[in-house]
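>
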Amino acid sequence: MATNKKKAEQTGKKSGKLSGVEQVVEYMNNLEHPFKKEIEEVRNIILNTNNKITEQIKWNAPSFCFNNHDIVTFNLQGKGFFRLVFHCGAKVKDNKGKGPLFNDTTGLLDWVSDDRAIVKFSDMDDVKAKEKNLKEVITKWIEVTSSQNK
Numbered sequence: 006m007a008t009n010k011k012k013a014e015q016t017g018k019k020s021g022k023l024s025g026v027e028q029v030v031e032y033m034n035n036l037e038h039p040f041k042k043e044i045e046e047v048r049n050i051i052l053n054t055n056n057k058i059t060e061q062i063k064w065n066a067p068s069f070c071f072n073n074h075d076i077v078t079f080n081l082q083g084k085g086f087f088r089l090v091f092h093c094g095a096k097v098k099d100n101k102g103k104g105p106l107f108n109d110t111t112g113l114l115d116w117v118s119d120d121r122a123i124v125k126f127s128d129m130d131d132v133k134a135k136e137k138n139l140k141e142v143i144t145k146w147i148e149v150t151s152s153q154n155k
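The numbers in the sequence shown follow this note's numbering, run straight up by one, and end at 155.
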């Protein structure tokens, strides 16, 4: 056992720990949720918006990162809906009181603070109707938050 641990440390890999993608695949395989198909569709939309987006589990749900910074996380706790939470990761940002990070011309985002917004989904028709705007908002969120994380 010690040999495996030492070998894992030498290669930079943690023994027994799943990669972010593996975490999400396992999570989704075990997910029992009335909107599982819709959640899978939104996940695919996000991952197909930018090929540099990665995923992991955060806050007990799939979360998406850009340049190793969390940017969007599912919130699956609602009744009759689920949400995406757009955020700036764990580091406190100096944006308080400056207003929303950008002007959301799509109207998709519900700003809950200057650096946090939510998108709510109610069914597959809602997901499909919001797909184009969701991609636009994700792209803009990456642009704005990436400049903050430099």
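Positions of the beta carbon are idealized from the N, C-alpha and C atoms, including for glycine.
1. Using a Cβ-Cβ cutoff of less than 7 Å, which residues in the same chain neighbour A66 once the five nearest sequence positions on both sides are dropped?
2. Would you list the one or two residues that DSSP bridges to V77?
3. Counting along the chain, where does the alpha helix (DSSP H) carrying Q28 start and finish?
4. Mark E148 as exposed unless 16 or more other C-beta atoms lie within 10 angstroms of its C-beta, in which case mark it buried.
5. Only counting the same chain, and skipping five residues up and downstream in sequence, which positions put a Cβ closer than 6 Å to that of K18?
6. Within 10 angstroms of its Cβ, does H38 collect 16 or more other Cβ (buried), or is it exposed?
7. Could you name the residues of the same chain whose beta carbon sits closer than 8 Å to that of S127, not counting the 5 residues immediately before and after it, in chain order?
8. Got a sec, what are the start and stop residues for the alpha helix (DSSP H) T54 sits in?
9. Between which two residues does the beta strand (DSSP E) harbouring F107 extend?
10. To which residues does DSSP link F126 through a beta bridge?
11. Identify, in the order they occur along the chain, each residue of the same chain with its Cβ nearer than 8 Å to the Cβ of N55, setting aside the five sequence neighbours on each side.
12. Starting from D115 and walking both ways along the beta strand (DSSP E), at which residues does that stretch end?
13. Short check: CB of I123 to CB of V117, under 7 Å?
The short version:
1. The residue given as residue 66 occupies position 61 in the sequence shown. Answer for A66: T78, F79, N80 and L81, listed in chain order.
2. For the purposes of this step, residue 77 is taken as the residue at position 72 of the sequence shown. Looking at the DSSP assignment, V77 forms a beta bridge with F69 and F91.
3. Here residue 28 refers to the residue found at position 23 of the sequence shown. Looking at the DSSP string, the run of the alpha helix (DSSP H) that includes Q28 is G25 to N35.
4. As a first step, residue 148 is located in the sequence shown; it is residue number 143 there, counting from the start. Per the 10 Å Cβ criterion, exposed.
5. Here the question's residue 18 lines up with position 13 in the sequence shown. Only weak support exists for where K18 lies, its pLDDT of 45 falling under 50; the value from the coordinates is given anyway. Here the set comprises nothing.
6. Translated into the one-based positions of the sequence shown, residue 38 becomes position 33. The residue in question, H38, is exposed, as its Cβ has fewer than 16 Cβ neighbours within 10 Å.
7. Taking the first residue of the sequence shown as position 1, residue 127 is located at position 122. Contacts found: G85 and F86.
8. What you label residue 54 is simply residue 49 of the sequence shown in a count that begins at 1. It spans K41 to T54 - the alpha helix (DSSP H) in which T54 sits, taken as one unbroken run.
9. In the sequence shown, the residue the question calls residue 107 occupies position 102. That residue, F107, is in no beta strand (DSSP E); it is neither H nor E in DSSP.
10. By one-based count along the sequence shown, residue 126 stands at place 121. Answer is F87, bridged to F126.
11. Against the sequence shown, residue 55 aligns to sequence position 50. Excluding residues within five positions, the ones whose Cβ falls inside 8 Å are F71, I143, T144 and I147.
12. Locating residue 115 in the sequence shown gives position 110, where the first residue counts as 1. It spans D115 to S118 - the beta strand (DSSP E) in which D115 sits, taken as one unbroken run.
13. By one-based count along the sequence shown, residue 123 stands at place 118. By one-based count along the sequence shown, residue 117 stands at place 112. Yes.
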